[in-house]
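Protein chains in written order, with the working numbering: chain A, 392 to 590; chain B, 392 to 590.
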């Protein structure tokens, strides 16, 4: 699957593609449900050449994917706003991956390894420290995977493209970088205990 | 269109929905192209009760939308990672909107107003300062809009849900906030002039 638009932005090397998938947290999974396109955000983790998503066994989308519906997954990191001298050339810097394929159900040890990968994405080493899923929780969780064989990446970096005749236009032009930043962790306090019962 | 999964997270008030759309920069537009679901990231702007996207007249997706293909647009703000004591209850805090509908082509003054809205999202007051689109640029830009009549929002905030029996598990639990942060603007320098000719 080759990138159709702006092919100069296409990157096909595996390292670029995997780095994008390993940095972002949210994948946008699209499929067709009752004849209508649908796209929902979901957590995912990459393990080798497959992408794993998880969800509730009650999810309508996961049930459609389980029935073999074709899918498309897109992951995008927004790196900056690109301010040009002309309205036309404003843009964004980003790194994105689009993968096409069909999801497969994941079972047994591979399912547990996928759950581990999802937790490790959040905090390295955390899987060994949290309470492991019990039989009921495993049964309530659907894990599915899609191969990355039909995946491609697209990257835009740098400054605005400008018409040469615009270069003297009296307006600031350049890039405003955007970064997803981790803030100060907020610990779940003792009051948690009481609230947990009412949820 | 009511939210099916986790209805407790659904928010239907207009202000919540509009605030999410007005904060994020990237919309994920899904449709069906040649029988295959496809989802691509795109800039957008909300004006009133419609969402406007733009793209090249050569875009295969925009041509499919122009031909009346049904679509789904999803916008998600990732607000935090939610670390629970059990693997099962790890989650993310987020605000998302999903809108269903059919895109319409936008022409004339409405088209120029949509381009203005796209530029104003990047920097308030900028539209008046940049070079306005000329006839050729207007012709090369497709602007389409989708109504927000079939849109709903979903929000998760706060601490992990926990099983009461997990509350003494010896692991840190809580939220790691995530914020999309603007960095120091990088001005397009004088060397720009030479580079612009070679692009």
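Ideal Cβ positions, reconstructed from N, Cα and C, are used throughout, including at glycine.
The model shown is predicted, which means the values in this text are computed figures rather than measured ones.
Exercise. Candidates B:479, B:465, B:429: which alpha carbon is nearest residue 527 of chain A's?
Worked result: B:479
Problem set entry | Residue-level contact to chain B via CB, residue 517 of chain A, 9 Å cutoff | yes
Exercise. Distance, Cα to Cα, residue 488 of chain A vs residue 442 of chain A?
Worked result: 12 Å
For this session: Output yes if chain B places a C-beta closer than 9 Å to the C-beta of residue 574 of chain A; else output no.
Result: yes
For this session: With residue 571 of chain B as the anchor, note down where its beta strand (DSSP E) starts and where it stops.
Result: 565–573
Exercise. Considering only the beta carbon of each residue, do residue 490 of chain A and residue 421 of chain B sit closer than 9 Å?
Worked result: no
Exercise. Beta-carbon separation of residue 415 of chain B and residue 468 of chain B under 9 Å?
Worked result: yes
Problem set entry | Where residue 419 of chain B meets chain A, residues with beta-carbon distance less than 9 Å | 419, 421, 430, 432, 465, 467
Exercise. Going by alpha carbons, who is nearest to residue 419 of chain B out of B:436, B:407, B:571, B:404?
Worked result: B:436
Exercise. Under 9 Å, do residue 466 of chain B and residue 521 of chain B count as touching if we go by C-beta distance?
Worked result: no
For this session: Can you check the region 500–578 of chain A for any beta strand (DSSP E) of at least 3 residues that lies completely inside it and give the ranges in chain order?
Result: 532–538, 542–547, 565–573
Exercise. Leaving out the 5 sequence neighbours to the left and right, which residues in its chain are closer than 8 Å to residue 553 of chain B when beta-carbon positions are compared?
Worked result: 475, 476, 477, 480, 564
For this session: Drop a sphere of 10 angstroms on the beta-carbon of residue 519 of chain A, count the other beta-carbons inside from all chains shown, and report buried for 16 or more, exposed for fewer.
Result: exposed
For this session: Take the Cβ of residue 446 of chain B as the centre, count every other Cβ of all protein chains shown within 10 Å, and call the residue buried at 16 or more, exposed below.
Result: buried
For this session: Decide if residue 496 of chain A is buried, meaning its Cβ has at least 16 other Cβ atoms within 10 Å, or exposed.
Result: exposed
Problem set entry | Contacts around residue 455 of chain B, its chain only, beta-carbon distance under 7 Å, and the 5 residues preceding and following it disregarded | 422, 424
Problem set entry | residue 438 of chain A versus residue 507 of chain B - alpha carbon distance | 43 Å
Problem set entry | residue 490 of chain B, enclosing beta strand (DSSP E) - first and last residue | 482–493
Exercise. In three-state terms, what does DSSP make of residue 436 of chain B?
Worked result: strand
Problem set entry | 9 Å Cβ cutoff, residue 476 of chain A in contact with chain B | yes
Problem set entry | Close Cβ partners of residue 566 of chain A (< 6 Å) along its chain, the five nearest in sequence each way excluded | 471, 473
Exercise. What did DSSP end up calling residue 413 of chain A once you bin it into helix, strand or coil?
Worked result: helix
Exercise. Given that a residue counts as buried once 16 or more other Cβ atoms are within 10 Å of its Cβ, and exposed if not, what is residue 573 of chain A?
Worked result: exposed
Problem set entry | As assigned by DSSP and simplified to three states, the class of residue 478 of chain B | helix
For this session: Would you please verify whether the beta carbon of residue 497 of chain A is less than 9 Å from any beta carbon of chain B?
Result: no
Exercise. If you measure from the beta carbon of residue 586 of chain A to each beta carbon in chain B, is any gap under 9 Å?
Worked result: Annotation note: pLDDT 49 at residue 586 of chain A (below 50); position unreliable, coordinate value reported separately. With 9 Å as the cut-off, residue 586 of chain A counts as an interface residue toward chain B.
Exercise. Per DSSP, what kind of secondary structure is residue 461 of chain A in: helix, strand or coil?
Worked result: strand
For this session: Anything in the region 550–568 of chain A with a Cβ closer than 7 Å to a Cβ of chain B? List those residues in chain order, please.
Result: 550, 551, 552, 553, 555, 557, 558, 560, 562, 563, 564, 565, 566, 567, 568
Exercise. Can you give the Cα-Cα distance for residue 433 of chain A and residue 543 of chain A, rounded to whole angstroms?
Worked result: 19 Å
Exercise. How would you list, in chain order, the residues of chain A whose beta-carbon sits under 7 Å from the beta-carbon of residue 487 of chain B?
Worked result: 432
Problem set entry | Cβ shell of residue 557 of chain A (< 6 Å), same chain only, five flanking positions each side left out | 476, 477
For this session: Starting from residue 445 of chain B, follow the beta strand (DSSP E) in both directions and report where the run begins and ends.
Result: 441–447
For this session: Give me the Cα-Cα distance between residue 514 of chain B and residue 531 of chain A, rounded to the nearest whole angstrom.
Result: 46 Å
Problem set entry | DSSP-derived helix/strand/coil call for residue 393 of chain B | With a pLDDT of only 48 at residue 393 of chain B, under 50, the local geometry of the prediction cannot be trusted, and the value read off the model is given with reservation. Three-state DSSP puts residue 393 of chain B in coil, outside helix and strand.
Exercise. Distance, Cα to Cα, residue 555 of chain A vs residue 482 of chain A?
Worked result: 17 Å
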